[in-house]
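In my numbering, the protein residues as written are 40 to 196. Each residue gets a CB set at the ideal place from its N, CA and C atoms; glycine is no exception. Report on the structure given below.
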């Protein structure tokens, strides 16, 4: 599966990538290859452990984690996802589909500290709303991608 980024007029920095990335100028495009778990012969990918959100894609537009938020992270344990969503902590129960190709993340809870600057709070609110529902699990070149409808959440170790 290919994800195509639309041409952009500004230079874009992809936060969290540990390999050199060419900066995009007007008219350039970038493709990120992902592979659905189903394309791997139904082999489940081990998603347990600590992950960092590197990028969020909504309707083909990429959103980076605000610098002031620090690392937005997830710890996926046996039946719970917990982590830091910017300046607050969160936790949500989850289950797998029977074939382990999908993760179903239920509504969870979070602390309610006021985040500064406000950009961090807006990001945090959006992220927590997005991190709810049924996601396909796709392996990408550096980690995994959680895919639901028009949303992709890129996670790296």
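Tell me, which residues are paired with residue i by DSSP?
i           : result
residue 104 : DSSP output for residue 104 lists no bridge partner at all.
residue 89  : 114
residue 156 : For residue 156, which the question treats as bridged, DSSP gives no partner whatsoever.
residue 149 : 129
residue 99  : DSSP, once it has assigned bridges, lists no residue as partnering residue 99.
residue 141 : 175
Under 6 Å Cβ to Cβ from residue i, same chain only, skipping five residues before and after it: list those, please.
i           : result
residue 180 : none
residue 89  : 114
residue 192 : 95 and 185
residue 146 : 171
Smallest Cα separation from residue i: which of the options?
i           : options              : result
residue 104 : 162, 169 and 122     : 162
residue 131 : 196, 93, 121 and 142 : 121
I need the boundaries of the beta strand (DSSP E) containing residue i, first residue and last residue.
i           : result
residue 196 : Unbroken run through residue 196: none, as it is neither H nor E.
residue 124 : Taken as a continuous stretch (DSSP letters only), residue 124 belongs to no beta strand (DSSP E), as it is neither H nor E.
Take residue i and list the residues in its own chain whose beta-carbon comes closer than 8 Å to its own, dropping the five residues that flank it on each side.
i           : result
residue 79  : Confidence at residue 79 is low in this model, with a pLDDT of 48, below 50, so the placement of that residue should be treated as unreliable; the coordinate-derived value is given next. So the list reads 178, once near-sequence residues are dropped.
residue 119 : 130, 131, 132 and 133
residue 127 : 149, 150, 151, 152, 154 and 163
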